[in-house]
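There are 2 protein chains.
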Amino acid sequence: MLNQILIDSERPQPLVEQIVAAIRNRIDDRILRPGVRLPPIRRFAEAQGVSRFTVVEAYDRLVAQGYLDSRRGSGFYVCARPLPEPEGEDLERVERAIDAAWLMREISSESEDRVMAASGSLPVAWMEGDAVMRKLRQLARDPQARVTSYGTPQGFAPLREQLQLRLAECGVRAQPSQIVLTYGATQALDLVARFFLKTGDAVLVDDPGYWNVFSSFRLQGFRLLGVPRLADGPDFDALEAILSRDKPRIYFTQSVLHNPTSSCLSPAAAFRLLQLAERHDLLLVDDDIYGDMHAGSATRLASLDQLQRVIHVGSYSKTISGNLRVGFLAARADLARQLTDVKITTTLTSPEFAERMVHAMLTEGHYRKYVERLQTRLLRATERCCRMLERLGMTTDFDPVGGQFVWARMPGLRDTTALARRALEHGIVLAPGSVFRANGQPSEYLRFNVATSCQPRLERFVAENLAQVG
Amino acid sequence: MLNQILIDSERPQPLVEQIVAAIRNRIDDRILRPGVRLPPIRRFAEAQGVSRFTVVEAYDRLVAQGYLDSRRGSGFYVCARPLPEPEGEDLERVERAIDAAWLMREISSESEDRVMAASGSLPVAWMEGDAVMRKLRQLARDPQARVTSYGTPQGFAPLREQLQLRLAECGVRAQPSQIVLTYGATQALDLVARFFLKTGDAVLVDDPGYWNVFSSFRLQGFRLLGVPRLADGPDFDALEAILSRDKPRIYFTQSVLHNPTSSCLSPAAAFRLLQLAERHDLLLVDDDIYGDMHAGSATRLASLDQLQRVIHVGSYSKTISGNLRVGFLAARADLARQLTDVKITTTLTSPEFAERMVHAMLTEGHYRKYVERLQTRLLRATERCCRMLERLGMTTDFDPVGGQFVWARMPGLRDTTALARRALEHGIVLAPGSVFRANGQPSEYLRFNVATSCQPRLERFVAENLAQVG
Chain A
1 MLNQILIDSE
11 RPQPLVEQIV
21 AAIRNRIDDR
31 ILRPGVRLPP
41 IRRFAEAQGV
51 SRFTVVEAYD
61 RLVAQGYLDS
71 RRGSGFYVCA
81 RPLPEPEGED
91 LERVERAIDA
101 AWLMREISSE
111 SEDRVMAASG
121 SLPVAWMEGD
131 AVMRKLRQLA
141 RDPQARVTSY
151 GTPQGFAPLR
161 EQLQLRLAEC
171 GVRAQPSQIV
181 LTYGATQALD
191 LVARFFLKTG
201 DAVLVDDPGY
211 WNVFSSFRLQ
221 GFRLLGVPRL
231 ADGPDFDALE
241 AILSRDKPRI
251 YFTQSVLHNP
261 TSSCLSPAAA
271 FRLLQLAERH
281 DLLLVDDDIY
291 GDMHAGSATR
301 LASLDQLQRV
311 IHVGSYSKTI
321 SGNLRVGFLA
331 ARADLARQLT
341 DVKITTTLTS
351 PEFAERMVHA
361 MLTEGHYRKY
371 VERLQTRLLR
381 ATERCCRMLE
391 RLGMTTDFDP
401 VGGQFVWARM
411 PGLRDTTALA
421 RRALEHGIVL
431 APGSVFRANG
441 QPSEYLRFNV
451 ATSCQPRLER
461 FVAENLAQVG
Chain B
471 MLNQILIDSE
481 RPQPLVEQIV
491 AAIRNRIDDR
501 ILRPGVRLPP
511 IRRFAEAQGV
521 SRFTVVEAYD
531 RLVAQGYLDS
541 RRGSGFYVCA
551 RPLPEPEGED
561 LERVERAIDA
571 AWLMREISSE
581 SEDRVMAASG
591 SLPVAWMEGD
601 AVMRKLRQLA
611 RDPQARVTSY
621 GTPQGFAPLR
631 EQLQLRLAEC
641 GVRAQPSQIV
651 LTYGATQALD
661 LVARFFLKTG
671 DAVLVDDPGY
681 WNVFSSFRLQ
691 GFRLLGVPRL
701 ADGPDFDALE
711 AILSRDKPRI
721 YFTQSVLHNP
731 TSSCLSPAAA
741 FRLLQLAERH
751 DLLLVDDDIY
761 GDMHAGSATR
771 LASLDQLQRV
781 IHVGSYSKTI
791 SGNLRVGFLA
801 ARADLARQLT
811 DVKITTTLTS
821 PEFAERMVHA
831 MLTEGHYRKY
841 VERLQTRLLR
851 ATERCCRMLE
861 RLGMTTDFDP
871 VGGQFVWARM
881 PGLRDTTALA
891 RRALEHGIVL
901 APGSVFRANG
911 QPSEYLRFNV
921 ATSCQPRLER
931 FVAENLAQVG
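Those protein sequence lines, which keep their order, are chains A and B.
So for the first sequence, the numbering used here puts the first residue at 1; every next one is plus one.
So for the second sequence, the numbering used here puts the first residue at 471; every next one is plus one.
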């Protein structure tokens, strides 16, 4: 049966790959059935007019890929392939509750013909993929890259030094020893939560706020206390009432380009929040993941407080690569040390080569210019998105100042969940406001990604369906 | 002052880098002081006989590196540099308790003149660093690599399919949907623990066992119940007593090349353990991180039980790269789904490009041969290490069958902590047995890495000091 394999040394595909593909196809098509013995290497090589080395290499790859089994002294045999996955996955998807896990799965399962208005990321074309690939090639030639060994627990020191400089630009003074590199901001928030909180503890979060952290906290059995978010910061009346009643120890918030509203903390609100924190012995965790998307100056809690009561969290997942998973936290020296210990016990070390990549990107001059272009682009997209929403009769109370998102509501519509469910049937992934509520309460809002939402199909769908589901 | 910068177009270093280095040195040496304005780009370019583009690029890099500040319309100014780190770090190191965090820090802080007998990894020279670099270069040219976007929550599908095949070789049947990729085995163990356990819960662990997991469990407030490990598996009398008394729900263990003893579970012990698990409704978590280092057939819990009561954990940190941080867990379909949700909430997605690297390494034929060579090499090193320990009068009750470690004791020495502390002063990092005990109890054992321990300096030190500290 293998005599019919055609190997063509003129084709650009290497001979080894031609042989591998040909045998694989015959096994997949069950022309070669499990248990069949392949010709000995020498015979196959002679029959095909290729070197024995080529055949050895091809057989080896087929063993590695599970197509062949090598029996010592006896030869190569076709393996029994595992059965294909049972069906029924997709059916289940439609039945799932519209919650945070649903949103995460929907926005991770990309497909070209869907409108990803719910996406939390920039489109690939907006990012500097070529620059990342270039750095990857440089790193792959760098004898210092140490790609096989473990990284260090606290993270690649030169990147921590670079972050010291970037924090200094925001007026935050932090030594490299106060900075811990993490798997994105998500792990930074998780390290802090698991260090300070235990099952049953109360924790303050923005309402609306970053949905993924809510799921994590609920999973760990914390009591989520939502602090209503207004356009310039927390609702202080509500916050003071909660502080007196529940005595929480920690508040997870976002100063700059808050998710999902893209609003920023005003200097006055920052000052008042820090005063309250002092009075109530509250730790503030500021997730600055969108900071680099903000044009101009913005107030961060740590710029005032200098990491006394604030843990500052950042990430390059949004502007460089979500795939590299490089984030960080900056904290008081004693906390940074303890949080490093938490990191060691839960994920061991940092992936140094991803950290080297981010370091290389940041120490080039290009990053700064790219970020400036991005800011302009986001501002324009935000304007365009707001105009579309106005045409649809929607309201944007938070008056976004750039960033990735617009948070908008339709007066009269009390809950956007049904709309999101219906949109999915039309290939449009919407992010309903309830996902961003601390305890999944109904919400009249939707979050729109400004880079992916302005599409006629979405506009048409919303226009046609708002009346019906309202 | 900048007139004295010498730029030499004959030197191999690019002009941009020459300028960057020259200006940086002058700022570091405080020849150029904070606040000083640099020459305008055009003037500097003319004075040095280089293009304006070169100067723009150099200034941009210096801005990115925090040496210069760019003021719009006004030019470039030398920045105030952050103050250097306060001293005192090293002093503190010596004072730390000899515990798991200490061990982690010591083995992560590499230095050429130390004997790293405590290391948990193979030496860089034993690993396939060149192959990893080659794959990295290939990946950097692959337009499919998607280096900027987030990966998927469950992990790169082709790698999960490859793992299905590898598990099938060990007799474990798992669909790709039952496999979740993680940041090393460490995160897999952590996901399982935080899903099943809460503060105050009892959890079974091997005693001795993998120290890092103990720290994590202690941190989360679990009650660690150590099951004494014998040469062929758990001490069943002790285990049954604990099961009846404490009713734990979950047991974290290692079937193959158990850390630190390098012993393997016998088929009879595996069967008996599964029977007990059935009777006491116990979940077993099998950390198979050293599995590929074992030559020949070995018994894994999941090969018998087929993931009904067993969660199987693996990793390529030991054989491909600790830096890529690619591990996995295989579990019942419903658990795999729930554990994926835990992963999403705590670290979001997987770094797809690291997973692509591991996938590329595994689907080549070379990995299998490399692993076979490694097994032989480890067997030889184990023999050599055992001989050295015999010369020192030490006993190796566990009779290691390969793998990375030998677990040895000195008859008469009740606690090896003092020996480890003294060794550190001589530049020898020893791993004292107490670190591997469930509750840090004293231990007469030491764990030796077979690849790094056989050095005359270590042998001399142990010979000279055993008597004194005994």
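Note that the Cβ used here is the ideal one computed from N, Cα and C, for glycine as well.
Just to confirm, does B/PHE665 get its C-beta within under 7 Å of one of the non-hydrogen atoms of the ligand GDP? The ligand content of the structure shown is nil, which means the ligand GDP is not present either.
Does B/LEU794 have its Cβ less than 8 Å from a Cβ in chain A? yes
Measuring CB atoms only, is the region 681-698 of chain B touching the region 849-868 of chain B, in the sense that at least three cross pairs come out at less than 8 Å? In the pairwise beta carbon analysis, the region 681-698 of chain B is classified as not touching the region 849-868 of chain B: fewer than three pairs are separated by under 8 Å.
Apart from the five residues on each side of it in sequence, which residues of its chain come closer than 6 Å, Cβ to Cβ, to A/LEU204? LEU225, VAL227, PRO248 and TYR251
Let me confirm a value: B/GLY519 is counted as buried when at least 16 other C-beta atoms fall within 10 Å, else exposed. Which label applies? exposed
Closest Cβ-Cβ distance between A/LEU139 and chain B: below 8 Å? yes
Taking B/GLY654 as part of the alpha helix (DSSP H), name the residues at either end of that continuous run. 654-666
Report the three-state DSSP secondary structure of B/ASN729 (helix, strand or coil). coil
Taking a Cβ distance cut-off of 7 Å, strictly less, list which residues of the region 346-358 of chain A are near chain B, in chain order. THR346, THR347, LEU348, THR349, PRO351, GLU352, PHE353 and ALA354
Kindly say whether A/GLN254, judged by its beta-carbon, lies nearer than 8 Å to any beta-carbon of chain B. Not one chain B Cβ lies under 8 Å of A/GLN254.
Taking all protein chains shown into account, decide if A/PRO153 is buried (16 or more other Cβ within 10 angstroms of its Cβ) or exposed. buried
Taking the C-alpha atoms as reference points, what is the distance between A/VAL406 and B/VAL594? 49 Å
Strictly under 8 Å for the Cβ-Cβ distance: is A/ASP190 near chain B by that measure? yes
Which residues of the region 666-700 of chain B have a Cβ closer than 9 Å to any Cβ of chain A? Give them in chain order. LYS668, THR669, GLY670, ASN682, VAL683, PHE684, SER685, SER686, PHE687, ARG688, LEU689, GLN690 and GLY691
Should B/GLU441 be flagged as near chain A, meaning a C-beta pair shorter than 8 Å? The shown model of chain B, from 471 to 940, leaves out residue 441 of chain B, and the question about it has no answer.
So A/GLN65 contacts chain B; which residues on that side make the cut at Cβ distance below 8 Å? GLN632, LEU635 and THR833
Suppose the cutoff is 6 Å on Cβ atoms and the five residues either side in sequence are ignored; what does the same chain contact list for B/ARG802 look like? Contacts found: LEU777.
Taking only three categories from DSSP, how would you classify A/ILE41? helix
Check the Cβ of A/GLN187 against every Cβ in chain B and list those closer than 8 Å, keeping chain order. Neighbours of A/GLN187 across chain B, judged by C-beta separation under 8 Å: THR816 and THR817.
Contact set for A/VAL63: own chain, Cβ-Cβ below 8 Å, skip 5 residues either direction: ASP69, SER70 and PHE76
Is B/GLY641 close to chain A? Criterion is C-beta to C-beta, closer than 8 Å. So no, B/GLY641 is outside the interface.
Would A/ILE31 be called buried (16 or more neighbouring beta carbons within 10 Å of its own) or exposed? exposed
Using a C-beta cutoff of 8 Å, does B/GLY621 count as contacting chain A? yes
Starting from the C-beta of A/ARG11, find all residues in its chain whose C-beta is less than 6 Å away, skip the five residues before and the five after it, and write them out in chain order. none
What's the C-alpha gap between B/LEU928 and B/CYS855? For the pair B/LEU928 and B/CYS855, the Cα-to-Cα distance works out to about 11 Å.
Chain B beta carbons: is any one of them nearer than 8 Å to that of A/SER263? no
Closest by C-alpha distance to B/PRO678, when choosing among B/PHE918, B/LEU832, B/ASN919 and B/ASN909: B/ASN909
Consult DSSP for A/ILE344 and reduce its assignment to one of helix, strand or coil. helix
A/TYR77 versus chain B: which residues are under 7 Å apart at the beta carbon? Chain B residues near A/TYR77: none, gap ~14 Å exceeds 7 Å.
Residue-chain proximity (B/ARG503, chain A), Cβ-Cβ < 8 Å: The beta-carbon of B/ARG503 is placed no less than 8 Å from the nearest beta-carbon of chain A.
Quick check on A/PRO40: buried or exposed, where buried means 16 or more other Cβ atoms within 10 Å of its Cβ? exposed
Please check if any C-beta of chain B sits within less than 8 Å of the C-beta of A/TYR290. No, its Cβ sits nowhere closer than 8 Å to a Cβ of chain B.
Give the straight-line distance between the Cα atoms of A/GLN404 and A/SER121, rounded to the nearest whole angstrom. 8 Å
Using DSSP bridges, identify the partner residues of B/ILE497. DSSP, once it has assigned bridges, lists no residue as partnering B/ILE497.
Beta-carbon neighbours of A/THR148, restricted to chain B and to distances below 8 Å: VAL594, MET597, GLU598, GLY599, VAL602, ILE790, SER791, GLY792 and ASN793
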